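> Each residue of the sequence shown is one higher than the one before, starting from 1 at the first, in this note's numbering.
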Amino acid sequence: MDGQSVASISKEIGVTEKTIYKWKKDLPSVNGEVDQEKLAVRKRNAVWKDF
Numbered sequence: 001m002d003g004q005s006v007a008s009i010s011k012e013i014g015v016t017e018k019t020i021y022k023w024k025k026d027l028p029s030v031n032g033e034v035d036q037e038k039l040a041v042r043k044r045n046a047v048w049k050d051f
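(1) Alpha carbon to alpha carbon, how far is N45 from K22? Give it in angstroms, no decimals.
(2) Please report the residue range of the alpha helix (DSSP H) in which S10 lies.
(3) Which of the three DSSP states, helix, strand or coil, is assigned to T16?
(4) Compute the Euclidean distance between the alpha carbons of D35 and R42, then round it to the nearest angstrom.
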């Protein structure tokens, strides 16, 4: 999908351009949440190793 316009992608997958822009906007926050969860698990594991 690299180099394709948002309009052509939306037509190809059958969603509105607005939906694609929303997905694109939401991606960093979703990835950030996953990273935060991984970090929290690592911190918990590190604390338990100290005991």
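Just so it is clear, CB atoms sit at the ideal spot from N, CA and C, and this is done for glycine as well. These numbers come from a predicted model, not from an experiment.
Concretely, from the data shown:
(1) Start at 1 with the first residue of the sequence shown, and residue 22 comes out as number 22. Start at 1 with the first residue of the sequence shown, and residue 45 comes out as number 45. Computed Cα separation, rounded: 35 Å.
(2) Position 10 of the sequence shown, counted from the first residue, corresponds to residue 10. It spans 6-13 - the alpha helix (DSSP H) in which S10 sits, taken as one unbroken run.
(3) Along the sequence shown, read from residue 1 onward, the residue named residue 16 stands at position 16. In the three-state scheme derived from DSSP, where H, G and I count as helix and E and B as strand, T16 is classed as coil.
(4) Locating residue 35 in the sequence shown gives position 35, where the first residue counts as 1. Locating residue 42 in the sequence shown gives position 42, where the first residue counts as 1. Cα to Cα, the separation comes out at about 11 Å.
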